[in-house]
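Worksheet: the structure to be examined is printed underneath.
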Amino acid sequence: KPMEMVAEIQKVVQPLGNSLYRHEDRMKKALARVEELKELFPQLKADDPHQMFGVNECAATLLSAEMFFKASLERKESLGWFLREDYPEQSKDGMYWITVQNKDGQVSVGRERVPLESYPFQQ
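Position one of the sequence shown corresponds to residue 15 (my numbering), numbered consecutively onward.
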C-alpha cells in the first residue's frame, strides 16, 4: 500500500545519520535501500483517488531521495550546513556546484566549478 511505502522511504531519509550527519558508508546503504524500494514501486496499487495521491508521492519521494543521496556522495567536503563526517574540511579544489541531470531516465550527478573570478564582487 502507498502509505506503507511512504513509511519505508521515511525510515531511510529521516535518520540524522543519513540526512544531516553524512558518511559514505551510511549513504551507500541508504541509496541501496532506495533502489530496493524503487524495484517494489511497480507493485503499488491504488484502490481510490486518495491512494493514487500516495502512489504519486512515493514516486516523487523516491526520486528526491535518490538525487539527495547521489548528490551527497558526490560532494566530498563539509561546507555550511552540509556535513560529511568522512570529509570534515572544506574542499581545497575551490567551490563547485553538484549537478543532477536526467540521462536516459537515470539520475546522473557531476561537478561544475563555480566561476568566482567572473563575479562582479570579489572577496
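Think of the CB as a built atom: it goes at the ideal place given N, C-alpha and C, for glycine as much as any other residue.
Residue i burial status per 10 Å Cβ neighbour count (16 or more: buried)
{"i": "Ala-2", "result": "Look at the range of the chain in this structure, 15 to 137, and you will see that residue 2 is not part of it."}
{"i": "Pro-63", "result": "exposed"}
{"i": "Phe-135", "result": "exposed"}
{"i": "Leu-45", "result": "buried"}
{"i": "Arg-36", "result": "buried"}
{"i": "Phe-67", "result": "exposed"}
{"i": "Arg-98", "result": "buried"}
{"i": "Val-128", "result": "exposed"}
{"i": "Pro-16", "result": "buried"}
{"i": "Leu-93", "result": "exposed"}
Which residues DSSP lists as bridging residue i, in chain order
{"i": "Phe-96", "result": "Leu-93"}
{"i": "Gly-124", "result": "Thr-113"}
{"i": "Arg-40", "result": "Arg-40 is not bridged to any residue."}
{"i": "Tyr-133", "result": "Tyr-133 pairs with nothing; no bridge assigned."}
- Within the region 46-118, ranges of the beta strand (DSSP E) (whole runs, at least 3 residues): 110-117
- With a cut-off of 8 Å, do at least 3 Cβ pairs link the region 51-61 to the region 114-122? no
- Message: Across the region 70-79 and the region 20-28, are there enough close Cβ pairs to call them in contact, namely three or more that are closer than 8 Å?
- Response: yes
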